[in-house]
Amino acid sequence: MTARIAVDPRIHFGKPCVAGTRIPVQNVLELVRDGNSFDQIRVDYYPDLTVEDIQVCIQYAMDLAAMEDVHLSPVPA
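Note that the working numbering gives residue 65 to position 42 of the sequence shown, counting from 1, and the numbers run on in steps of one.
Right, dumping it as structure tokens:
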């Protein structure tokens, strides 16, 4: 994926985190989903993050979604 996302079983039970931090990608994505601006996330929640870190979290989620195979079954009429 990206070197800026780290997975370590000793940190948050192996959940993906921003590299060099203990900040889970999921937490960052939830803040974005809730309508927080990148600046709000940095100032109010995670001052150690950069805008690029937040963008990488979004890209990480997009990459995971792109790798997912979806198999649709026809819906009976």
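Glycine is no exception: its CB is placed at the ideal position from the N, C-alpha and C atoms.
Return helix, strand or coil for residue i, following the three-state DSSP convention.
{"i": "Ala26", "result": "coil"}
{"i": "Pro35", "result": "In the sequence as displayed, the identity of residue 35 is His instead of Pro. His35 falls in the helix class under three-state DSSP."}
{"i": "Val93", "result": "coil"}
{"i": "Ala123", "result": "Past the edges of the chain, shown from 24 to 100, lies residue 123, and the structure says nothing about it."}
{"i": "Asp57", "result": "coil"}
{"i": "Asp71", "result": "coil"}
Going by the DSSP bridge assignment, what does residue i pair with across the sheet?
{"i": "Pro47", "result": "Cys40"}
Could you tell me how far apart the beta carbons of residue i and residue j are, in whole angstroms, since I believe they sit closer than 8 Å?
{"i": "Val51", "j": "Pro39", "result": "The pair is not a contact, with the Cβ atoms about 10 Å apart (cut-off 8 Å)."}
{"i": "Leu54", "j": "Ile46", "result": "Going by Cβ atoms, the distance from Leu54 to Ile46 rounds to 10 Å, so no, they are not a contact pair."}
Going by other Cβ atoms of all chains shown within 10 Å of its Cβ, with 16 needed for buried, is residue i buried or exposed?
{"i": "Asp76", "result": "buried"}
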